[in-house]
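Since the structure comes first, as structure tokens, the remarks are kept for the end.
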Amino acid sequence: MTNRARQLEARRPHLWGVVGGIRLGRGLLLPVVLVLGLACGPSRDAETPGSGDPERQSVADYDVARDLFVTRGNAREALKHALRAVELDDENADAAHLVSLIYLYFCATSEVDCRLDEAERHVRMAIDAKADLREAKNTLGVVLIHQKRYAEAVAVLDPLAKDILYSTPETAWGNLGWAYLLKGDTDKAIESLRRALALQPEFCVGAYRLALAYEKKGDHKAALEAVSRALETDRPECRGLQDAFRARARIAMRLGDHDSARGDLERCRELDAETQSGRECAAALAKFR
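So in my numbering, spot 184 of the sequence shown is number 185, and the numbers just go up one at a time.
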């Protein structure tokens, strides 16, 4: 993996939400190791490739796609097999969900390859085929957020977060808080994000977004505490949250701590000077001279 690719992986969690058990990577991710049950075995009883039964062939293609994406990081080849799995059996919910996740991965890495409409179509196909596939509902919420359909995202994520059978409710609470934040409902964003962090204290993306919510309310001390919680961790993916360094520098400046702000701006620029945040950090640093 190139340095640029590693930088993209480090940033992706806070840019693209929490899918599966990770924050678009719980490690916070690999290609999103879709960690959602994808790494937990085949979609149905595994069958050997080459069978004449379309359903068995679909399962085989799904297993190949999952391995290519989660283990080998080859998203394009994975998409080819996942799409074929869906074509062979449109009731293969796991395959349809995987297609959606791969499209989300492309959106996280390239505007040119982003196909949010296809991500939505396939995740809805997965839910239609398997109504209790809760991870797919979470993914649908993330897709709707990126389509700026915040009210619809809330309608999907709120009941999911409260679903006692959902094994990773912190992901739904985190994405629900994100949707509320972008929707402009700061108080509900804070409530949801605090719930996510209560369930998963190391959810650094959630802590970063909580900081943004507090900042929006004008509570800069609480914002500084939240964003520091996001960054001051042993988890490498959290220490690579470039936007969080930019946010902490901005908040520190408002609190009059210019030395701390300078340090965070330098770290932000070091992570990647070519991103929008990197350029903003470089421009802010220039004003110190």
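Cβ atoms here follow ideal geometry from the backbone N, Cα and C, with glycine treated the same way.
In chain order, what residues of the same chain have a beta carbon less than 7 Å from the beta carbon of residue i, not counting five sequence neighbours either side?
i	result
Val65	His82
Glu281	Arg247
Ser177	Per the sequence presented here, residue 177 reads as Leu, with Ser not at that position. Counting only Cβ-Cβ distances below 7 Å, and skipping sequence neighbours, we find Val155, Leu158, Asp159, Ala162 and Ser193.
Leu134	Ala94, His98, Ala127 and Ile128
Ile103	Phe70, Ala76, Ala79, Leu80 and Ala83
Gln201	Glu171
Thr187	Ala214, Lys217 and Lys218
Ala283	Arg270 and Ala274
For the alpha helix (DSSP H) that residue i lies in, which residues bound it at each end?
i	result
Gly257	Note, Gly257: premise wrong, no alpha helix (DSSP H); not H, not E.
Thr276	No alpha helix (DSSP H) holds Thr276; DSSP gives it neither H nor E.
Gly175	Pro170 to Lys184
Leu158	Tyr151 to Ala162
Tell me which same chain residues have a C-beta within less than 6 Å of the C-beta of residue i, skipping the five on either side of it?
i	result
Leu286	Leu266
Ala137	His98, Val124, Ala127 and Ile128
Tyr151	Ala180, Leu183 and Lys184
Leu1	No answer is possible for residue 1: the residues shown for the chain start at 2 and end at 290.
Arg268	Phe246
Spatial neighbours of residue i within its chain, please: C-beta separation below 8 Å, excluding the five flanking residues on both sides.
i	result
Cys1	It is not possible to answer for residue 1, since the shown part of the chain is limited to 2 through 290.
Leu256	His221, Lys222 and Leu225
Ala47	With a pLDDT of 44 at Ala47, under the threshold of 50, the modelled position of that residue is not reliable, and no figure is offered here.
Ala130	Asp91, Glu92, Asn93, Ala94 and Ala97
Lys149	Leu183
Assuming the contact rule is C-beta atoms closer than 8 Å, residue i and residue j should be a hit. Round their C-beta distance to whole Å, please.
i	j	result
Glu171	Phe204	6 Å
Leu105	Pro55	Contact flag wrong, Cβ pair sits at about 27 Å.
Gly175	Ala197	4 Å
Ala227	Ala208	5 Å
Taking only beta-carbon atoms, is residue i less than 9 Å away from chain B?
i	result
Arg255	Note that chain B does not occur in the displayed structure, where there is just one protein chain.
At least 3 beta-carbon pairs within less than 8 Å: the stretch 252-259 vs the stretch 267-278
no
Could you pull out every unbroken beta strand (DSSP E) segment of at least 3 residues lying fully inside the stretch 64-147, listed in chain order?
none
Could I get the ranges of all uninterrupted alpha helix (DSSP H) runs contained in the stretch 189-236, with 4 residues as the minimum, in chain order?
205-218 and 221-232
Say whether the stretch 210-218 touches the stretch 232-243, bearing in mind that this needs 3 or more beta-carbon pairs closer than 8 Å, one atom from each stretch.
no
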